[in-house]
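Colleague: In the working numbering, the protein residues as written are 21 to 320. The C-beta atom is built at its ideal place from N, Cα and C for all residues, glycine as well. Since we're looking at a predicted model, the values are computed, not measured. Quick one: structure below, then a few questions.
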Amino acid sequence: MTHSEPAPTVWRARVTTPAFASSQVLHERVQAVFEEDGYPVTLFEEFDGGPWTVEVLFFDGTPEEARTRLAESLGAEGEGLSVSVEALPERNWVEASLEGLAPVEIGRFAVHGRHDRGKITRAVPIEIDAGLAFGTGHHATTVGCLAAIEARLRRGPVRKPLDLGTGTGVLAIAMTKMQRVPVLATDIDPVAVAVAEENARLNGVAPWIAFRVAAGMDDRRLKAGGFDFVVANILARPLMAIAPKLCRALAPRATVVLSGLRLEDGRRVIATYVGQGLELVHRDPRGRWLTLTFERRPRW
21 MTHSEPAPTV WRARVTTPAF ASSQVLHERV QAVFEEDGYP VTLFEEFDGG PWTVEVLFFD
81 GTPEEARTRL AESLGAEGEG LSVSVEALPE RNWVEASLEG LAPVEIGRFA VHGRHDRGKI
141 TRAVPIEIDA GLAFGTGHHA TTVGCLAAIE ARLRRGPVRK PLDLGTGTGV LAIAMTKMQR
201 VPVLATDIDP VAVAVAEENA RLNGVAPWIA FRVAAGMDDR RLKAGGFDFV VANILARPLM
261 AIAPKLCRAL APRATVVLSG LRLEDGRRVI ATYVGQGLEL VHRDPRGRWL TLTFERRPRW
């Protein structure tokens, strides 16, 4: 979806609770279910001192389906709470939902929407239009990856980086804006790749990033290997499934950053990649999410 295209009917589903603490719990549960699939989730106070509302925008389905999906995502914490659903007037609600998001500042990076263009003072600004792709920079997994990217590139240059599951392209853009190096960025979703290409142009780094539509490691450029820095912000199950192929594609002394993980996924993912000969060097939990950094040590 571009800014000029009309949006389909959007359903706004809401649940309200009187206490901020309980609303935070609900917000985290709803985020964990919907944000990875591109449904904007917000938490706000109805008025000063008033109740708190968790809201999800659904771009598909019926109002009954929206109500059911939100109610089911609340789990036991939502018992006794009612879910309201209403249709919103035609508008690009993905864009509208981003307008209220403050820039994300992590280290030298500042990820922002076009509404904050010109307000950023960080050394490495990254402007992102999410469109229908995942990755505005606000999710804990993206923040964890940005922190890991900065930590690795501060240690020295990389030669052949890979962004696996690029989404909006934010991580590939971060890599090439911090160090002018060609980056290969792939995603299984052609819509995400189109969004990422536009974001790369927006940030002036399109010539430095090669975007490809690819499932897992199934692309000739991925199979060619030699990657000395890999960032993969996807999900635990596909990360474990591609581990053998990914590790065969690594250069000696490569650094691998894995995210898109819930805290409870950590042990299984660590065991999988240690079993492939990597060493865990950093574990970065943020809320209910986890980012892991591994290194490939040379065998003597």
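Would you call the segment 231 to 239 in contact with the segment 171 to 182, where contact means no fewer than 3 C-beta pairs closer than 8 angstroms?
Modeller: No, the segment 231 to 239 does not touch the segment 171 to 182.
Colleague: Would you mind reading off the limits of the beta strand (DSSP E) that contains Asn253?
Modeller: Per DSSP, Asn253 belongs to the beta strand (DSSP E) from Phe247 to Asn253.
Colleague: By how many angstroms is the C-alpha of Val163 removed from the C-alpha of Gly307?
Modeller: One C-alpha to the other measures close to 11 angstroms.
Colleague: Which of the three DSSP states, helix, strand or coil, is assigned to Pro177?
Modeller: Coil.
Colleague: Check this for me: beta carbons of Arg74 and Tyr59, under 8 angstroms apart or not?
Modeller: Arg is not the amino acid found at residue 74; the sequence shown has Val there. Taking 8 angstroms as the Cβ cut-off, Val74 and Tyr59 do not qualify as a contacting pair.
Colleague: So, do the segment 95 to 104 and the segment 40 to 55 have three or more beta carbon pairs nearer to each other than 8 angstroms?
Modeller: Segments in contact, yes.
Colleague: Does the distance from the CB of Cys178 to the CB of Val201 come in under 8 angstroms?
Modeller: As written in the sequence, residue 178 is Val, which differs from the Cys given in the question. For Val178 and Val201, yes; Cβs fall inside 8 angstroms.
Colleague: Hey, quick one: how far does the beta strand (DSSP E) through Thr275 stretch, first residue to last?
Modeller: Here the beta strand (DSSP E) through Thr275 covers Leu270 to Arg282.
Colleague: For Glu299, which beta-bridge partners are listed by DSSP?
Modeller: Paired residues: Glu315.
Colleague: Taking the C-alpha atoms as reference points, what is the distance between Ala216 and Ala205?
Modeller: Taking the straight line joining both Cα atoms gives about 9 angstroms.
Colleague: From Thr275 to Phe314, what does the alpha carbon distance come to, in whole angstroms?
Modeller: C-alpha separation (whole angstroms): 6 angstroms.
Colleague: What are the boundary residues of the alpha helix (DSSP H) that Pro38 is part of?
Modeller: Looking at the DSSP string, Pro38 is not in any alpha helix (DSSP H), and its letter there is neither H nor E.
Colleague: Whole angstroms is fine: what's the gap from Ala27's alpha carbon to Leu298's?
Modeller: At Ala27 the pLDDT is 44, less than 50, meaning the model places this residue with poor confidence; the figure from the coordinates comes in the next sentence. Going by the C-alpha atoms only, they are around 45 angstroms apart.
Colleague: Report the three-state DSSP secondary structure of Ser102 (helix, strand or coil).
Modeller: If DSSP states are grouped into helix, strand and coil, Ser102 belongs with coil.
Colleague: Is it right to say Ser335 is buried, meaning 16 or more other beta carbons lie within 10 angstroms of its own, or is it exposed?
Modeller: There is simply no residue 335 to check, as the chain begins at 21 and stops at 320 in what is shown.
Colleague: I think Leu37 touches Leu101, with their Cβ atoms under 8 angstroms apart; what is that distance to the nearest whole Å?
Modeller: A quick correction: the sequence has Thr, not Leu, at residue 37. Right, the Cβ-Cβ distance comes to about 6 angstroms (below 8 angstroms), so this counts as a contact.
Colleague: Quick one: what does DSSP say Ala226 is sitting in, helix, strand or coil?
Modeller: DSSP places Ala226 in helix when its eight states are reduced to three.
Colleague: Is DSSP giving Ala153 helix, strand or coil here?
Modeller: Confidence at Ala153 is low in this model, with a pLDDT of 42, below 50, so its placement is unreliable and no value can be given for it.
Colleague: Near Leu255, which residues of its chain fall below 7 angstroms by C-beta distance, leaving aside the five closest residues on each side in sequence?
Modeller: The answer, listed in chain order, is Gly280.
Colleague: Would you please state the rounded distance, in angstroms, between the beta carbons of Arg32 and Leu108? I believe it to be under 8 angstroms.
Modeller: 5 angstroms between Cβ atoms; contact.
Colleague: What did DSSP end up calling Asp285 once you bin it into helix, strand or coil?
Modeller: If DSSP states are grouped into helix, strand and coil, Asp285 belongs with the helices.
Colleague: Exposed or buried, Arg336, counting other C-beta atoms within 10 Å across all chains shown (16 or more means buried)?
Modeller: Look at the range of the chain in this structure, 21 to 320, and you will see that residue 336 is not part of it.
Colleague: Can you look up Pro202 in the DSSP assignment and give me helix, strand or coil?
Modeller: Looking at Pro202 - three-state DSSP - the assignment turns out to be coil, as it is neither helix nor strand.
Colleague: According to DSSP, is Ala235 helix, strand or coil?
Modeller: Here Ala235 sits in coil by DSSP.
Colleague: Enumerate in chain order the residues of its own chain whose CB-to-CB distance from Ala128 is below 8 angstroms, with the five nearest sequence positions on each side excluded.
Modeller: It should be pointed out that residue 128 corresponds to Arg in this sequence rather than to Ala. Hits under 8 angstroms: Arg142, Ala143, Val144, Glu170 and Met198.
Colleague: Using 10 angstroms around the beta-carbon of Thr188, count the other beta-carbons present and answer buried if the total reaches 16, otherwise exposed.
Modeller: Thr188 is buried by the Cβ-count criterion.
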